[in-house]
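Chemist:
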Amino acid sequence: MKCRRCRGPAVIEVRRHNAGFCRDCFLHHCREQVRKTIEDFDMLQPGDRVLIAVSGGKDSLALWDILRDLGHDVDGLYLGLGIDDYSDESGNYARAYADARGAKLVKVDLPTDLGFDIPTGSRVARRAPCSACGLSKRHLFNQAAVDNGYDVVATGHNLDDEAAVLFGNVLRWSTDYLGRQLPVLPAGNGFVRKVKPLVRLGERETAAYCVLAGIDYQVEECPMAAGNRHLGYKDALNAIEDQSPGSKHAFYFGFLEKASPLFTPEAAREQENLQRCAQCGTPTTGEVCAFCRLAERARR
Amino acid sequence: MKIVLRNPRRELDMAGPMRVHALLERLEINREAVLVIRGDTLVTGDAQLSDDDEVEIRPVVSGGVA
Ligand code: SF4
Ligand SMILES: [Zn+2]
Ligand SMILES: [Zn+2]
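Same order as they appear, the protein sequences are chains A and B.
Taking the working numbering, the leading residue of the first sequence gets 1, the next gets one more, and so forth.
Taking the working numbering, the leading residue of the second sequence gets 1, the next gets one more, and so forth.
(1) Give a yes or no on whether the minimum CB-CB distance between C25 (chain A) and chain C is below 8 Å.
(2) Run the proximity test for C6 (chain A): is its beta-carbon closer than 7 Å to any non-hydrogen atom belonging to ligand 2?
(3) When every heavy atom of ligand 1 is checked, does at least one fall within less than 7 Å of the C-beta of I118 (chain A)?
(4) Give every residue of the same chain whose Cβ lies closer than 7 Å to the Cβ of S50 (chain B), excluding the five residues on either side of it in the sequence, and list them in chain order.
(5) So if I threshold CB-CB distances at 8 Å, which residues from the segment 26-60 of chain A count as touching chain B?
(6) Note down, in chain order, every chain A residue with its Cβ under 7 Å from the Cβ of D46 (chain B).
(7) Tell me the rounded alpha-carbon separation between T175 (chain A) and L256 (chain A).
(8) Does H249 (chain A) get closer than 8 Å to chain B when you measure Cβ to Cβ?
(9) Could you check whether the Cβ of L42 (chain B) sits closer than 8 Å to any Cβ belonging to chain A?
(10) Could you work out which residues of chain A lie near I29 (chain B), taking near to mean beta carbons separated by less than 8 Å?
(11) Looking only at its own chain, which residues have a Cβ that is under 7 Å from the Cβ of R35 (chain A), when we skip the five neighbours before and after it?
(12) Could you check how far apart the C-beta atoms of A187 (chain A) and R193 (chain A) are, in whole angstroms? I think they sit under 8 Å.
(13) Return the CA-CA distance between D52 (chain B) and D42 (chain A), expressed in angstroms with no decimal places.
(14) For L35 (chain B), return the contacting residues in chain A, with the cut-off set at a CB-CB distance below 7 Å.
(15) Can you say whether D65 (chain A) is buried or exposed, counting buried as having 16 or more other CB atoms within 10 angstroms of its CB?
(16) Assuming contact is defined by CB atoms lying nearer than 8 Å, are L67 (chain A) and P197 (chain A) in contact in what I supplied?
(17) For K234 (chain A), which residues in chain B fall below 7 Å Cβ to Cβ?
(18) Are any of the Cβ atoms in chain B nearer than 8 Å to that of V219 (chain A)?
(19) With hydrogens ignored, establish whether the beta-carbon of C3 (chain A) is closer than 7 Å to any heavy atom of ligand 2.
(20) Looking at Q218 (chain A): is its Cβ nearer than 8 Å to the Cβ of E32 (chain A)?
(21) Tell me, please, whether the segment 73-85 of chain A touches the segment 229-238 of chain A by the rule of three or more beta-carbon pairs shorter than 8 Å.
(22) Among B:V20, B:I37, B:G39, B:E25, whose alpha-carbon lies nearest the alpha-carbon of D46 (chain B)?
(23) Our contact map puts V34 (chain B) next to V60 (chain B) with C-beta atoms below 8 Å; I'd like the distance itself, whole angstroms only.
(24) Compute the minimum distance between the beta carbon of Q279 (chain A) and the heavy atoms of ligand 3, and state whether it is under 7 Å.
(25) For S55 (chain A), count the other beta carbons within 10 Å of its own beta carbon; 16 or more makes it buried, fewer makes it exposed. Which is it?
(26) Got a sec, what are the start and stop residues for the beta strand (DSSP E) Y78 (chain A) sits in?
(27) Find the residues of chain B that neighbour E241 (chain A), judging by a C-beta separation of less than 7 Å, and give them in chain order.
(28) Does ligand 2 have a heavy atom nearer than 7 Å to the CB of C25 (chain A)?
(29) What three-state label does DSSP hand V34 (chain B) in the structure shown?
(30) Nearest to G57 (chain A) by CA position, among A:F253, A:A295, A:Y97, A:A132, is which residue?
(31) Going by the beta-carbon positions, is the gap between A154 (chain A) and I83 (chain A) smaller than 8 Å?
(32) List, in order along the chain, the chain B residues whose C-beta lies closer than 8 Å to that of G20 (chain A)?
(33) Report yes or no: is there a C-beta of chain B within less than 8 Å of the C-beta of N189 (chain A)?
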């Protein structure tokens, strides 16, 4: 197989684009996809200070590397989740990347800084681990960005993540979630802007980016992910993709273009009714926000 | 050929030569869900693996969506 761009020998095939790429042209392809995403969705403005949620996995490290290459002002925030060896190890990958590239990495550790870990939080709040984890991440990343003067939080959600979440939201017709499933959520009401610049790249591409760019990342899975229903959705979507390359892209981008506007007004109305959390000031529907309630019960 | 699989890590021995897509088909692995790594680079589905090659089949599907 030959590289589509330079006709040299290819090292990776991307069937969705009906193309093979050599190393250099593939790295270029990934940067271009991200540049186009940022431009199309108006994600970043010149001078924006960007805080990226770094987990030590392939997506966030690829995102960090690409945003740096594209010349954005971006620092990393690593959140220690207190999930046994998995968390220690993921933190090491994040640290190693930052040290090797001279990038700035801030670390917040849930057990030491907030007094609880995800397994405990999930148990006491009777939430699935990924739900307790997601809630904590969203809260703490926003908080860190607000406290330290960042304009934007960028996350490594890729096309596969977004297609799997969309699949789940459509299966249940969760119209409130559908109304907020956007690659950019504007700032306002105590939240900084949130962007997902990797939505044009599949996770096979972000992993390939890391391998070819010489970035070591955590290949092992989080032990709490087992049984997560999104894994089942991803399997199903990959089975479809194998038969019909481009399906995931068509599903997600078709949704953004044709269906998302049907659901956004309802979600926007809900946002307007938010008040401030009595404990931390974050916008919430109740008196105390879900994160503060979780943290309080987990610390007991 | 020595085949290294991950999550959990385990090793297989298979007779080469064989093309990468034939290997994945034999192991019933969806090519959309993995990368095949030989040395410090990736190989495409049409690449021929020889009997003394060592390759890693690395899953790329992450579980958590948060
Ligand atoms: S798999 Fe779930 S619990 Fe583990 S890090 Fe991801 S979101 Fe958190
Ligand atoms: Zn090339
Ligand atoms: Zn709160």
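Even glycine gets a Cβ: it sits at the ideal position worked out from N, Cα and C.
Modeler: Taking the coordinates as given:
(1) Absence of chain C from the displayed structure is noted, the protein chains being A and B.
(2) Within the first sequence, the letter at position 6 stands for residue 6 (chain A). Yes, since a heavy atom of ligand 2 falls inside the 7 Å radius drawn around the Cβ of C6 (chain A).
(3) If you number the first sequence from 1, residue 118 (chain A) lands on position 118. Between ligand 1 and the CB of I118 (chain A), the shortest heavy atom gap is smaller than 7 Å.
(4) Residue 50 (chain B) sits at position 50 when you count from the first residue of the second sequence. Setting aside the 5 residues that flank it on each side, S50 (chain B) is surrounded in the same chain by G16, P17, each with a C-beta closer than 7 Å to its C-beta; the list follows chain order.
(5) From the segment 26-60 of chain A, only G57, K58, D59 have a Cβ closer than 8 Å to chain B.
(6) For this step, residue 46 (chain B) is matched to residue 46 along the second sequence. Residues of chain A passing the Cβ test: M1.
(7) As a position in the first sequence, residue 175 (chain A) is number 175, starting the count at 1. As a position in the first sequence, residue 256 (chain A) is number 256, starting the count at 1. Rounded to the nearest whole angstrom, the C-alpha separation of T175 (chain A) and L256 (chain A) is 14 Å.
(8) On the first sequence, residue 249 (chain A) is found 249 positions in, with the first residue counted as 1. No, because no Cβ of chain B sits closer than 8 Å to the Cβ of H249 (chain A).
(9) Position 42 of the second sequence holds residue 42 (chain B). L42 (chain B) counts as touching chain A.
(10) In the second sequence, the residue the question calls residue 29 (chain B) occupies position 29. Using a Cβ-Cβ cut-off of 8 Å, I29 (chain B) is close to nothing in chain A; its nearest Cβ partner there is about 11 Å away.
(11) Residue 35 (chain A) sits at position 35 when you count from the first residue of the first sequence. Setting aside the 5 residues that flank it on each side, R35 (chain A) is surrounded in the same chain by L70, each with a C-beta closer than 7 Å to its C-beta; the list follows chain order.
(12) Against the first sequence, residue 187 (chain A) aligns to sequence position 187. Against the first sequence, residue 193 (chain A) aligns to sequence position 193. Right, the Cβ-Cβ distance comes to about 4 Å (below 8 Å), so this counts as a contact.
(13) Residue 52 (chain B) sits at position 52 when you count from the first residue of the second sequence. Residue 42 (chain A) sits at position 42 when you count from the first residue of the first sequence. Distance between the alpha carbons of D52 (chain B) and D42 (chain A) is about 50 Å.
(14) Start at 1 with the first residue of the second sequence, and residue 35 (chain B) comes out as number 35. Simply R204, A207, A208, V211.
(15) Numbered from its first residue, the first sequence carries residue 65 (chain A) at position 65. So D65 (chain A) ends up on the buried side.
(16) The count along the first sequence starts at 1 and reaches residue 67 (chain A) at position 67. The count along the first sequence starts at 1 and reaches residue 197 (chain A) at position 197. Result yes, Cβ atoms of L67 (chain A) and P197 (chain A) sit closer than 8 Å.
(17) What you label residue 234 (chain A) is simply residue 234 of the first sequence in a count that begins at 1. By Cβ distance, chain B contributes V61.
(18) Against the first sequence, residue 219 (chain A) aligns to sequence position 219. Using a CB distance cut-off of 8 Å, V219 (chain A) counts as an interface residue toward chain B.
(19) The residue given as residue 3 (chain A) occupies position 3 in the first sequence. Indeed, a heavy atom of ligand 2 lies less than 7 Å from the Cβ.
(20) By one-based count along the first sequence, residue 218 (chain A) stands at place 218. By one-based count along the first sequence, residue 32 (chain A) stands at place 32. No.
(21) By the Cβ rule, the segment 73-85 of chain A does not count as touching the segment 229-238 of chain A, because fewer than three pairs are nearer than 8 Å.
(22) In the second sequence, residue 46 (chain B) corresponds to position 46, counting from 1. The shortest C-alpha separation from D46 (chain B) is found at B:V20.
(23) Position 34 of the second sequence, counted from the first residue, corresponds to residue 34 (chain B). Position 60 of the second sequence, counted from the first residue, corresponds to residue 60 (chain B). Yes, V34 (chain B) and V60 (chain B) are in contact; Cβ-Cβ is about 6 Å, under 8 Å.
(24) In the first sequence, counting from the first residue as 1, residue 279 (chain A) sits at position 279. Remark: the C-beta of Q279 (chain A) is in contact range of ligand 3, defined as less than 7 Å to any heavy atom.
(25) Sequence index remark: in the first sequence, residue 55 (chain A) carries index 55 (1-based). It counts as buried.
(26) Your numbering for residue 78 (chain A) matches position 78 in the first sequence. From DSSP, the beta strand (DSSP E) with Y78 (chain A) extends over 73-80.
(27) Along the first sequence, read from residue 1 onward, the residue named residue 241 (chain A) stands at position 241. For E241 (chain A), the neighbours in chain B by C-beta distance under 7 Å run, in chain order, E32.
(28) Within the first sequence, numbered from 1, the residue matching residue 25 (chain A) stands at position 25. Yes.
(29) As a working mapping, residue 34 (chain B) is identified with position 34 in the second sequence. Looking at V34 (chain B) - three-state DSSP - the assignment turns out to be strand.
(30) Position 57 of the first sequence, counted from the first residue, corresponds to residue 57 (chain A). G57 (chain A) has its Cα closest to that of A:Y97, out of A:F253, A:A295, A:Y97, A:A132.
(31) Residue 154 (chain A) sits at position 154 when you count from the first residue of the first sequence. Residue 83 (chain A) sits at position 83 when you count from the first residue of the first sequence. Taking 8 Å as the Cβ cut-off, A154 (chain A) and I83 (chain A) do not qualify as a contacting pair.
(32) Along the first sequence, one-based indexing puts residue 20 (chain A) at 20. Under the 8 Å cutoff, chain B gives T44.
(33) As a first step, residue 189 (chain A) is located in the first sequence; it is residue number 189 there, counting from the start. No, no contact with chain B.
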